[in-house]
Amino acid sequence: MVQTKPLAPAAPAARLVEIDAEHDGQRLDNFLLRLCKGVPKSHLYKAIRGGQVRVNRGRVPVDYRIQAGDLVRVPPLRLPTQAPRFVPAGRFPVVYEDDALLVIDKPAGVAAHGGSGVAFGVIEQLRAARPEARFLELAHRLDRETSGLLMLAKKRSALVALHAMLREGRSTKKYYALVQGDFQNARQHIRLPLLKWTTKSGERRVRVDDAGLSAHTIVGACERYGGYTLVEAELRTGRTHQIRVHLAASGFPIVGDDKYGEDAVRDLFARRYGLRRMFLHAHSLALAHPLSGEPLALEAPLPPACADTLVQLRQGAARVPPARATDKDSA
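Numbering follows the UniProt record's numbering, in which position 270 of the sequence shown is assigned residue number 270; successive positions increment by one, without gaps.
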């Protein structure tokens, strides 16, 4: 528990915060962002660099790693003069929960977090719904239009462990996607480097580029409907928009994708099948529990809009024999 000690009367508005074991090793700036909710980063950085924030009575850089037992001086910090932002409490289907980990089934159309024109997301809504939670942080992200399994840490020790597992590839995340085209391979490796860029309108995009970061996705056909295929994609790296760009670059854009898909196909599925979202769903997650090491195998079923679309496709398409179990590599 974070313990607050009063300062001498000469500085009544400042406070000393003693760091407990839960926050040991955390960056000072990140700790203050959670402690001083609503205060802009620029204000906090200015206070740290100006010496108003001190650790054990001394100046430290913004990236200083706080340690259990440290005394952090937190000066009075004013919130920006604007109306308070209302964040409605959000309640999402819980797939797994204990005292360290929370896994929910995120619906499509809800951002994982606020920012970039989004007032609030899953993390802000969950914090509003759980005001008693001392710690609640996203362990990873899902695109706004992607549904499915999303992990959150309820302890910092769990968050650090989850980040390490994801970074080192010690977890298996699988997605269902409906793609345009007759995808025939039961197992295909797509290794294409991805580079982030920004359009003239300020929209964030990703493209295949040799100057980008390495990215690896394994894709396999699950069911074929003539001109469309349900595929399962397994992430081996976790780049922004990775599955979407890898599939589009391979000639199989995801149905309903407003960034990398085809507008005519998106409009067709909205009119004919009532699908008004991108068909990408994080359905399976396998990993060891971040603290206990217990094996976890979690699943989230396809949302009704996606499941209904597949039923309609099955009714209207000639059945095609399953793909042969070949292992193809795209570089």
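Note that beta-carbon positions come from the ideal geometry of N, C-alpha and C, so glycine has one too.
Cutoff 7 Å; reference Asn-56; Cβ partners in own chain excluding five residues on either side: Asp-70 and Leu-71
Beta-carbon gap between Ala-305 and Pro-295 smaller than 7 Å: no
Exposure of Lys-46, with buried meaning 16 or more beta-carbon neighbours within 10 Å: exposed
The alpha helix (DSSP H) enclosing Lys-41, as first and last residue numbers: 41-49
Collapsed DSSP secondary structure at Gln-242 in the structure displayed: Shown here, Gln-242 sits in a helix according to DSSP, grouped into three states.
Delimiting residues of the alpha helix (DSSP H) encompassing Ile-123: 122-129
Close Cβ partners of Glu-223 (< 6 Å) along its chain, the five nearest in sequence each way excluded: Exclusion of the five residues before and after Glu-223 leaves Leu-230 as the residues of its chain whose Cβ lies within less than 6 Å of its Cβ.
Segments assigned beta strand (DSSP E), at least 3 residues, entirely inside the segment 274-324: 280-288 and 295-299
C-alpha distance - Ala-307 paired with Glu-232, whole-angstrom precision: 15 Å
Beta-carbon gap between Leu-291 and Ala-158 smaller than 7 Å: yes
Alpha-carbon to alpha-carbon, Tyr-96 and Val-320: Only weak support exists for where Val-320 lies, its pLDDT of 43 falling under 50; the value from the coordinates is given anyway. About 37 Å.
Cβ shell of Ala-249 (< 7 Å), same chain only, five flanking positions each side left out: Leu-192 and Val-208
Beta-bridge partners of Thr-237, as assigned by DSSP: For Thr-237, which the question treats as bridged, DSSP gives no partner whatsoever.
Rounded straight-line distance, which links the Cα of Lys-196 to that of Met-165: So the alpha carbons of these two residues sit roughly 24 Å apart.
Simplified DSSP state of Asp-20, which is helix, strand or coil: coil
Contact set for Ala-21: own chain, Cβ-Cβ below 7 Å, skip 5 residues either direction: Ala-68
Rounded straight-line distance, which links the Cα of Ala-270 to that of Arg-65: About 50 Å.
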